[in-house]
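Enquirer:
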Amino acid sequence: MPTQEILITLIAIAVVIFAIARQVMPQQVRRLGFIVLPALAAYESYRSLPTPNIPVSQMVECLLVVLAALVAGSIQAAFTRVYYHGNRLYMRGGMVSLIAWVALMLVRSIIGLIFQGTSLFTSFNNFEWMLWAAIAVAFGSRNAILYMKHPEIGEALAGERANRRQRNDR
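See below:
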C-alpha cells in the first residue's frame with residue numbers, strides 16, 4: 028500500500044474514532060457529523076474495494092455486515108437524545124450508542140472469521156472495505172432515522188446553510 032493511501036486511511040480512521048467517541052458527549056447538530064462522516068466512510072469503502080472482481084463470498088459477508096450496521100444504527104437512533112440548549116440543537120447518544128459501535132465491530136470480526144478464517148487478520152484490504160461500509164451504513168441509518176424522527180434537525184441543517192450563505196455574501 029502506498030504511503031499516501033496509508034496516511035489517508037489513518038486520518039480517516041482517526042476521524043471516525045473521534046466521531047464515535049463524541050457520541051457520548053453532547054454535540055451540536057451540524058452538517059459535518061450528519062452528512063460528511065457517512066459520506067467519508069462510504070468513500071473509504073469504495074476506495075478500498077478489492078479489484079477487479081469481488082468474490083461472491085465477500086458480497087454475502089458484506090451483506091451480513093451491512094445488516095448488522097443497520098441494526099446498530101437503529102439502536103443508536105433509538106437511544107440518541109435530541110434537544111435544544113441555548114437556542115442550538117444538540118444530540119447525545121450515550122453509552123448505548125458506544126456499546127452498539129463496539130458490538131458492531133465485534134460482529135464484523137466474527138462474520139469475518141466465519142467467512143475468511145484466520146486469513147482475516149492477514150488480509151486487511153478485505154476487512155477494511157466492509158468495515159468502512161458498516162461505518163457508513165451505521166452512521167447513515169442513525170442519521171436518517173433521527174432526521175425523520177426530529178424535523179428540527181432539518182431546520183438546524185438548513186439554518187446552518189443559510190448562515191454560511193450570509194457570511195459568504197458579506
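So for the sequence shown, the working numbering puts the first residue at 28; every next one is plus one.
Each residue gets a CB set at the ideal place from its N, CA and C atoms; glycine is no exception.
#1: Quick one: complete alpha helix (DSSP H) runs, 4+ long, within the region 80 to 164?
#2: For glutamine 55, which beta-bridge partners are listed by DSSP?
#3: Measuring straight from C-alpha to C-alpha, what distance separates tryptophan 156 and arginine 119?
#4: On the CB-based measure, 16 or more other CB atoms within 10 Å of its CB, does proline 65 come out buried or exposed?
#5: How many Å lie between isoleucine 38 and threonine 107 at the Cα?
#6: In the structure shown, what three-state DSSP assignment does serine 75 receive?
#7: Looking at the structure shown, is glutamine 31 part of a helix, part of a strand, or coil, going by DSSP?
#8: Taking its Cβ as the centre, do 16 or more other Cβ atoms sit within 10 Å of alanine 41, making it buried, or is it exposed?
Expert: So, from the data block:
#1: Every alpha helix (DSSP H) of 4 residues or more that sits fully in the region 80 to 164 is shown, in chain order, as 83 to 106, 122 to 143.
#2: The beta-bridge partner set that DSSP reports for glutamine 55 consists of Tyr117.
#3: About 28 Å.
#4: Classification of proline 65: buried, given that the 10 Å Cβ count is 16 or more.
#5: For isoleucine 38 and threonine 107, the gap between their C-alpha atoms comes out near 26 Å.
#6: Here serine 75 sits in coil by DSSP.
#7: Correct three-state label for glutamine 31: helix.
#8: It counts as exposed.
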